[in-house]
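A.B. asks:
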Amino acid sequence: METKTSGLTEITLKMLLDESIIEKGTVLYSNTNPIKTAKINSEGCIELNIDGSPKIFPFPSGAARAVVNLSVNGWIFWRIKINNELKEISELRQLYKERKK
169 METKTSGLTE ITLKMLLDES IIEKGTVLYS NTNPIKTAKI NSEGCIELNI
219 DGSPKIFPFP SGAARAVVNL SVNGWIFWRI KINNELKEIS ELRQLYKERK
269 K
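Position in the sequence shown (from 1) plus 168 gives the number in my numbering.
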């Protein structure tokens, strides 16, 4: 039986970038504080300022953990604006999977 998340965990931000589902410079918004933002760089990593210092995170969960000091699922924590609405970046992995069918 296939679940909604089946096959999604191996999809990375870099894969979404390479497929043009996201672009370099895409702004990510924290779900706990939309003023706290990050950006996707050309390598598919998340660039984020922590206490005034720029940091780079290869995975959404690491960047999320740096913001809230808790272990959280970064794919649900981070959101992007699509048609003026904030959507979880996890939805982009589903889009990638559908394109690759």
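The C-beta atom is built at its ideal place from N, Cα and C for all residues, glycine as well.
Just to confirm before moving on: does the CB-CB distance between R261 and L176 stay below 9 Å?
C.D. replies: In the sequence shown, residue 261 corresponds to position 93, counting from 1. In the sequence shown, residue 176 corresponds to position 8, counting from 1. Yes, the Cβ-Cβ distance between R261 and L176 is below 9 Å.
A.B. asks: Can you check DSSP and say which residues form a bridge with V195?
C.D. replies: Locating residue 195 in the sequence shown gives position 27, counting from the first residue. Paired residues: K207.
A.B. asks: Quick check on R247: buried or exposed, where buried means 16 or more other Cβ atoms within 10 Å of its Cβ?
C.D. replies: Position 79 of the sequence shown, counting from 1, holds the residue named residue 247. Buried, because 16 or more other Cβ atoms sit within 10 Å of the Cβ of R247.
A.B. asks: Could you tell me the alpha carbon to alpha carbon distance between E191 and I208, rounded to whole angstroms?
C.D. replies: Against the sequence shown, residue 191 aligns to sequence position 23. Against the sequence shown, residue 208 aligns to sequence position 40. If I take the Cα positions, the gap works out to 7 Å.
A.B. asks: Kindly indicate the opening and closing residues of the alpha helix (DSSP H) around I248.
C.D. replies: On the sequence shown, residue 248 is found 80 positions in, with the first residue counted as 1. Element bounds for I248: not the alpha helix (DSSP H) but the beta strand (DSSP E), W246 to I250.
A.B. asks: Taking 8 Å as the limit between beta carbons, can you name the residues of its chain near K204, skipping five residues before and five after?
C.D. replies: If you number the sequence shown from 1, residue 204 lands on position 36. The answer, listed in chain order, is Y197, S198 and V235.
A.B. asks: S258 lies in the beta strand (DSSP E); which residues open and close that run?
C.D. replies: For the purposes of this step, residue 258 is taken as residue 90 along the sequence shown, with counting starting at 1. Per DSSP, S258 belongs to no beta strand (DSSP E); it is in the alpha helix (DSSP H), S258 to R267.
A.B. asks: Give the DSSP-derived three-state secondary structure of P226 in the structure shown.
C.D. replies: Here residue 226 refers to the residue found at position 58 when the sequence shown is read from its first residue. DSSP places P226 in coil when its eight states are reduced to three.
A.B. asks: With DSSP collapsed to three states, give me the class of L238.
C.D. replies: Locating residue 238 in the sequence shown gives position 70, where the first residue counts as 1. Coil, per DSSP.
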